[in-house]
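Residue numbering for the sequence shown follows the working numbering, starting at 58 and increasing by one per position.
Just so it is clear, CB atoms sit at the ideal spot from N, CA and C, and this is done for glycine as well.
Input: a single structure, listed below in structure tokens.
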Amino acid sequence: MRRRGKQNQRQQIFNGIVYSFAVIGVIATVLFFGKLITGRTSSKTTTASKVKRPSIQVELLDINPYSRPGTKLDEVKGVVIHYTANPGSTAQQNRDYFEGLKDSHQTHASSHFVVGLEGEIVQCIPTSEQAYASNKRNVDTVAIECCHPDDSGEFRKSTYDSVVRLTAYICTKYHLSSEDVIRHYDVTGKLCPKYYVEHEDDWNRFKADVAEKLGE
Ligand SMILES: [Zn+2]
Numbered sequence: 058m059r060r061r062g063k064q065n066q067r068q069q070i071f072n073g074i075v076y077s078f079a080v081i082g083v084i085a086t087v088l089f090f091g092k093l094i095t096g097r098t099s100s101k102t103t104t105a106s107k108v109k110r111p112s113i114q115v116e117l118l119d120i121n122p123y124s125r126p127g128t129k130l131d132e133v134k135g136v137v138i139h140y141t142a143n144p145g146s147t148a149q150q151n152r153d154y155f156e157g158l159k160d161s162h163q164t165h166a167s168s169h170f171v172v173g174l175e176g177e178i179v180q181c182i183p184t185s186e187q188a189y190a191s192n193k194r195n196v197d198t199v200a201i202e203c204c205h206p207d208d209s210g211e212f213r214k215s216t217y218d219s220v221v222r223l224t225a226y227i228c229t230k231y232h233l234s235s236e237d238v239i240r241h242y243d244v245t246g247k248l249c250p251k252y253y254v255e256h257e258d259d260w261n262r263f264k265a266d267v268a269e270k271l272g273e
């Protein structure tokens with residue numbers, strides 16, 4: 058009887074130890090996964106709250122060798138700003154001009170986005186494909202064409218604000234900083250976007266406005 062009593066006692070101690078380890082294991086698992094979930098949620102919230110997607114009219118060009126080659130853009134490393142060099146033309150007209158190149162064969166040209174005189178945004182090419190806009194940087198950048206009312210090439214406030222927001226949105230989406238935002242001029246030396254090449258201070262202000270949107 059005493060022997061059995063001791064055995065029972067041992068069994069109880071053993072059960073107690075197993076039970077304690079099981080409880081500790083469950084608590085550790087809950088804490089571990091809890092942290093994972095919380096971590097993921099908070100990082101998602103931070104990215105999403107930075108810059109919301111602006112309203113975009115998606116009017117993709119047909120795939121063709123003159124304006125939408127359909128070539129994959131593997132990694133976006135920058136955003137290139139352009140001006141249309143066609144005073145008073147609208148975003149829709151510029152988009153339609155790119156589309157018309159598939160028949161006119163005039164030249165090779167396009168842009169991922171065109172921002173209009175009222176700040177409207179028309180998308181011509183998905184950002185997962187290359188555009189014909191920025192020469193050797195077509196392979197790793199997203200291009201934005203900006204409409205302007207006159208020969209100076211300066212953007213209207215409505216256009217300017219919209220371009221800042223779109224640029225910041227693209228930067229957020231591809232984990233870029235305002236330092237990754239460049240002008241066509243910075244790639245080839247071309248006078249594009251004219252006003253912001255001729256007025257370096259205004260270009261720096263544009264980049265500062267993008268930086269502010271990004272919370273840099
Ligand atoms: Zn350009």
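D266 and V221 have their alpha carbons spaced roughly 7 Å apart. At least one heavy atom of ligand 1 lies less than 7 Å from the C-beta of H139. Collapsing the DSSP output to three states places K109 in coil.
In the DSSP assignment, E236 falls outside any beta strand (DSSP E), carrying neither H nor E.
The residue among L233, Y226, V133, I178 with its C-alpha nearest the C-alpha of C204 is I178. By the criterion of a C-beta distance shorter than 8 Å, W260 is surrounded in its chain by R240, Y253, V254, once the five residues flanking it on both sides are discounted. Non-local C-beta neighbours of G176 in its own chain, meaning closer than 7 Å and more than five positions away in sequence, comprise S215, T216, D218, S219, ordered along the chain. Per DSSP, T224 is not a residue of any beta strand (DSSP E); the alpha helix (DSSP H) it occupies stretches across 214 to 230. Inter-residue distance for H169 and Y189 is about 9 Å (C-alpha atoms, whole angstroms). Exclusion of the five residues before and after D197 leaves L130, D131, E132, V133, K134, G135 as the residues of its chain whose Cβ lies within less than 8 Å of its Cβ. E269: member of the alpha helix (DSSP H) spanning 257 to 271, first to last residue.
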